[in-house]
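Engineer: The structure's right below; bear with me while I get my questions together.
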Ligand code: FES
């Protein structure tokens, strides 16, 4: 695959610029960069495919993407999860045309080849008359995709040289547990994801959710004014920005001094977390009001207390979102509500209500964000923008907070660009082609 030499050298310049706290506007809406991401980034990273609770029973499946590759993620009759390219091996037809469902087999609508949900080819019309023994079914199963899991999250990777998911996450699991281990039974999805298309570059969302506490008091000002958020414009900057250097993952941890420890969690879940999480996690999580983080490249989480009654502590909701790029400046959003599996139905429903009002497809906070993100994307496309950079110098040179017990590079305050420099540095490494397998 030939790459224009101009873009190669500008990518190296972009990488140097990131170290100095600059990032180019054009990256957010550019065909060449989009193509390079498809070739060099998504196939080599661990990309989120599904939460195990989306496919709890034998035969359950969802179809998702790694870059531009459509993948069937299915649970077989023995309960094992498989990921396979959603393409018939005969002439390349799309095998499964639904986004989710239950099937023991997939039969191609073109010539009728049939595969088990594990991907094994088991049925070929006119096998004897047509192929006369030349076709070996075992050689023509669906193309298998490597998977790995963490706490219910199923990831896929197309590159056999990429290290294990555990190594790839590089300690970020400490923070992911805040979303995924709220109680001994772990987490589950509350229904299927909201799914929509937006004229927004996926990277804008990934950056925002890597800890952009800076926008909240402005873009979501009404949340403060109406009392939905248990913080104020003046206390909002308090907290930490944590990132895993060289990995791209980052999280913003907002802290409000007056917010009660574990505020918004039911008592029984708090008791379970105190029993199951590490002392360092308990110390951090008890202080965290808001946690907004991105697993590089395109999976994010947000946990936020949200009160349906302004001024009260409210309920904690968790949203998990995946930004699937479909073109330069265009993406599909998948947005789930995650709930603690062991919580009462009443708590789960309250959390889902809070999520839907705030960050569902028509959620008020979601609308605030996309209004800004679509405009950023539109600006990034213009001719003059080609040579314009943005400043990423907030918190530059900050020392690690020596008292913070969690892993990674952790700086104060919450309002900070440190996580973004780390995110874009990793992105540039992949695009330049310098990531060690
Ligand atoms: Fe699927 Fe021919 S393309 S059977």
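In our numbering, the protein residues as written are 1 to 437.
Backbone N, C-alpha and C fix where the C-beta goes; we use that ideal spot for every residue, glycine too.
Reducing DSSP to helix, strand and coil, say where residue 175 ends up.
Structural biologist: Of the three classes helix, strand and coil, the one that applies to residue 175 here is helix, per DSSP.
Engineer: Could you give the distance in angstroms between the alpha-carbon of residue 2 and the alpha-carbon of residue 71?
Structural biologist: Because residue 2 carries a pLDDT of 44, less than 50, the predicted location of this residue cannot be relied on, and the following value inherits that uncertainty. Residue 2 and residue 71: Cα-Cα distance of roughly 26 Å.
Engineer: Which residues share a DSSP beta bridge with residue 304?
Structural biologist: Looking at the DSSP assignment, residue 304 forms a beta bridge with 317.
Engineer: Helix or strand or just coil, what does DSSP make of residue 29?
Structural biologist: Coil.
Engineer: With a CB to CB cut of under 8 Å and the five nearest residues on each side skipped, what residues in its chain are close to residue 265?
Structural biologist: Hits under 8 Å: 182, 273 and 316.
Engineer: Looking at the structure shown, is residue 430 part of a helix, part of a strand, or coil, going by DSSP?
Structural biologist: If DSSP states are grouped into helix, strand and coil, residue 430 belongs with the helices.
Engineer: So, residue 151 versus residue 191, is the Cβ gap smaller than 8 Å?
Structural biologist: Contact flag unset, no.
Engineer: Just mark residue 336 as buried or exposed, buried being the case when its beta carbon has 16 or more other beta carbons within 10 Å.
Structural biologist: Under this definition residue 336 is a buried residue.
Engineer: By Cβ distance, which residues of its chain are closer than 8 Å to residue 313, with the 5 residues on each side in sequence left out?
Structural biologist: Contacts found: 230, 259, 260, 263, 264, 305 and 307.
Engineer: With three or more C-beta pairs closer than 8 Å as the rule, is the segment 421 to 433 touching the segment 5 to 12?
Structural biologist: Yes, they touch.
Engineer: May I have a chain-ordered list of the alpha helix (DSSP H) segments no shorter than 4 residues that lie completely inside the segment 214 to 240?
Structural biologist: For the segment 214 to 240, whole alpha helix (DSSP H) runs of length 4 or above, ordered along the chain, are 216 to 219 and 221 to 225.
Engineer: My guess is that residue 23 and residue 328 are in contact by the Cβ rule of under 8 Å, so how many angstroms apart are they, rounded?
Structural biologist: That pair is no contact at about 16 Å.
Engineer: What would DSSP say about residue 155, mapped onto helix, strand or coil?
Structural biologist: In this structure, residue 155 counts as strand in the three-state DSSP scheme.
Engineer: For residue 54, which of 188, 158 and 280 has the nearest alpha-carbon?
Structural biologist: Of the listed residues, the one whose Cα sits closest to residue 54 is 188.
Engineer: Could you check if residue 18 is buried or exposed, using at least 16 other CB atoms within 10 Å of its CB as the buried criterion?
Structural biologist: Buried: at least 16 other Cβ atoms inside 10 Å.
Engineer: On a CA-only basis, which of 389, 111, 46 and 238 is nearest residue 297? Give me that one, please.
Structural biologist: Comparing Cα-Cα distances from residue 297 to each of 389, 111, 46 and 238, the minimum goes to 46.
Engineer: Around the C-beta of residue 309, are 16 or more other C-beta atoms found within 10 angstroms, so that it is buried, or is it exposed?
Structural biologist: With fewer than 16 Cβ atoms within 10 Å of its Cβ, residue 309 is classed as exposed.
Engineer: Measure the C-alpha to C-alpha separation of residue 417 and residue 215 and round it to an integer number of angstroms.
Structural biologist: So the two alpha carbons sit approximately 12 Å from each other.
Engineer: Between 293, 414, 51 and 226, which has its C-alpha nearest residue 244's C-alpha?
Structural biologist: Nearest C-alpha to residue 244: 293.
Engineer: In this structure, how does DSSP classify residue 112 when only helix, strand and coil are distinguished?
Structural biologist: DSSP places residue 112 in coil when its eight states are reduced to three.
Engineer: Report the partner residues of residue 195 according to the DSSP bridge assignment.
Structural biologist: Bridge partners of residue 195: 334.
Engineer: Which residues are close to the ligand FAD, meaning CB closer than 5 Å to any heavy atom, in chain order?
Structural biologist: Inclusion of the ligand FAD in the displayed structure is not the case, the ligand content consisting of the ligand FES alone.
Engineer: In terms of residues, what are the limits of the alpha helix (DSSP H) holding residue 442?
Structural biologist: Because residue 442 is not part of the residues shown, which for the chain are 1 to 437, the question remains open.
Engineer: Would DSSP call residue 64 helix, strand or coil?
Structural biologist: Three-state DSSP puts residue 64 in a strand.
Engineer: For a minimum of 3 consecutive residues, which ranges assigned as the beta strand (DSSP E) are wholly contained in the segment 52 to 109?
Structural biologist: Listed in chain order, they are 60 to 66, 69 to 75, 81 to 85, 100 to 102 and 105 to 107.
Engineer: Given this structure, state the Cα-to-Cα distance separating residue 426 from residue 240, to the nearest angstrom.
Structural biologist: Straight-line Cα distance between these residues: approximately 21 Å.
Engineer: Going by beta-carbon coordinates alone, are residue 178 and residue 303 separated by less than 8 Å?
Structural biologist: Yes, they are a contact pair.
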